[in-house]
Structures are given as structure tokens and as C-alpha cells.
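Notes follow once the structure below has been shown.
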Amino acid sequence: GLNNNYSMSFDGSNDEVMIPHDNSFSINNYNNFTLSTWIQFDNINNEVWLINKSNGGGPQEKWALTYRWNGHQGIVFHTNGIGGSQGYNSNIFTPVINQWYNITLVYNGDLQFYINGIASGSISSVNLNLNSTTANLIIGGGEPGGSQFFDGNLDDVVIWNTALSQIDIQNYMNCPPTGSESGLVGYWNFEEGSGTTAY
Numbered sequence: 007g008l009n010n011n012y013s014m015s016f017d018g019s020n021d022e023v024m025i026p027h028d029n030s031f032s033i034n035n036y037n038n039f040t041l042s043t044w045i046q047f048d049n050i051n052n053e054v055w056l057i058n059k060s061n062g063g064g065p066q067e068k069w070a071l072t073y074r075w076n077g078h079q080g081i082v083f084h085t086n087g088i089g090g091s092q093g094y095n096s097n098i099f100t101p102v103i104n105q106w107y108n109i110t111l112v113y114n115g116d117l118q119f120y121i122n123g124i125a126s127g128s129i130s131s132v133n134l135n136l137n138s139t140t141a142n143l144i145i146g147g148g149e150p151g152g153s154q155f156f157d158g159n160l161d162d163v164v165i166w167n168t169a170l171s172q173i174d175i176q177n178y179m180n181c182p183p184t185g186s187e188s189g190l191v192g193y194w195n196f197e198e199g200s201g202t203t204a205y
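First residue of the sequence shown: 7, per this note's numbering; consecutive thereafter.
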């Protein structure tokens, strides 16, 4: 379970957290990276975007870590780069409503999915071919004008410019980062905030 008291709640219709573009969040700059979040569904239908950096169209550095219910059921990492649009799928994953799950994607030339620290699918020799973009980083929301809003709770959204090992992933599940770890480029634990602002 989670070691803290707060998470960010999303209603599935128009809620999202928008973080202004920063080059440190641009995973196209890195040979290795890790994306991680805790999720808890209140409702599951269609496709929802958990974390994305996308300005809706064009061959920019455009990526989204998503959950799909229809078609391929599981975690999907979408990219739209120089080589066109791609979707990389985890193993089949059917979450239970109101239960927390840790979702982690690791890239080190291969893409590896982890659910609750357990390997859940990998794709070998992936060339992401991402361009750079100044799009905002979005948590819990879809593309501009899209319908991929998350309905549930998200917590501890983390971006690393290193490829975490399975042991690292399991350790951070039990003891979240403090914020000073090497390779940590983005970390939102939603423990502090006021009104519509999360710090």
C-alpha cells in the first residue's frame, strides 16, 4: 500500500494536472528512463491516459502512458514520433475497482512493464524516434479535446532519466523517493496543495 495520506482524485470527465514544459521531463533526451505511478480506478471504460506529454497531433515528441480496457486490455505506452504512431502493450491486466496498483515502465533500449513490481511484458529493441516538443506534461488527462480522462486516484508520479531495476522498483514501492535521488527528474507525491494547485 501507500505510505502517505493523500492522492490526487480525478472525475473522469475534465480533471487533469498540467505541469509546464521543462526539458528535464523530455524523455527523448535520455537513453534510459523510467515512468512510474500509483493508480486506483473508480470506474473503468474505454481508454484513459495516466501520464502524457502531447500537444495533440504532428510528429512531435508525443507520448502517453495509458490504460486500455477495450481492444488490448492492459497498460499501453503510446508514442508518435519520427516513425509514426506506435503502441507498446503490457501483458493483459484487469484491475479491480478501488484497489491500488503500482504501474512502472522502464526503457533501456527495451521497454519493460511492471505491475506491483512484477514484470508484466517486455518489447525488445525499441527505437522510440521521438522529436522534442514544448508540450506540457499532463497527469490524469488526455489529448486536448480528447476524452481519455482518468476516473480514480493517482499518486506518486515519478520520472527518472535512468532505467530502474526490478529491485529498485520494489524498494521505491515500499519507501518512496525523498526527492534527492540521482536520476530523479520529476516527482509529484500530491502531499501538499491548496485549492487547484498541487505542489
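Positions of the beta carbon are idealized from the N, C-alpha and C atoms, including for glycine.
All values reported here derive from a predicted model rather than from experimental measurement.
Which residues mark the beginning and the end of the beta strand (DSSP E) in which residue 92 is found?
Where residue 92 is concerned, the enclosing beta strand (DSSP E) stretches over 90–95.
For residue 193, name the three-state secondary structure that DSSP assigns.
Correct three-state label for residue 193: strand.
Own chain residues within Cβ distance below 7 Å of residue 166, not counting five before or after:
If we look at residue 166 and ignore the five residues flanking it on each side, its Cβ neighbours are 39, 40, 189, 190, 191.
What distance in whole Å lies between the Cβ atoms of residue 196 and residue 73, which are believed to be in contact at a cut-off of 8 Å?
The pair is not a contact, with the Cβ atoms about 19 Å apart (cut-off 8 Å).
Indicate the three-state DSSP secondary structure (helix, strand or coil) for residue 155 in the structure shown.
Of the three classes helix, strand and coil, the one that applies to residue 155 here is coil, per DSSP.
Go through its chain and collect everything with a Cβ distance to residue 19's Cβ below 7 Å, but skip five positions before and after it.
Answer for residue 19: 155, listed in chain order.
Less than 8 Å between the CB atoms is what I'm expecting for residue 88 and residue 122, so what's the real figure, rounded?
Rounded, the Cβ-Cβ distance is 34 Å, inconsistent with contact.
Could you tell me if residue 162 is buried or exposed, where buried requires 16 or more neighbouring beta carbons within 10 angstroms of its beta carbon?
Burial state of residue 162 is buried, judged by a 10 Å Cβ sphere holding 16 or more other Cβ atoms.
If you count every other CB in all the chains shown that lies within 10 Å of the CB of residue 37, and 16 or more means buried, which is it?
The residue in question, residue 37, is exposed, as its Cβ has fewer than 16 Cβ neighbours within 10 Å.
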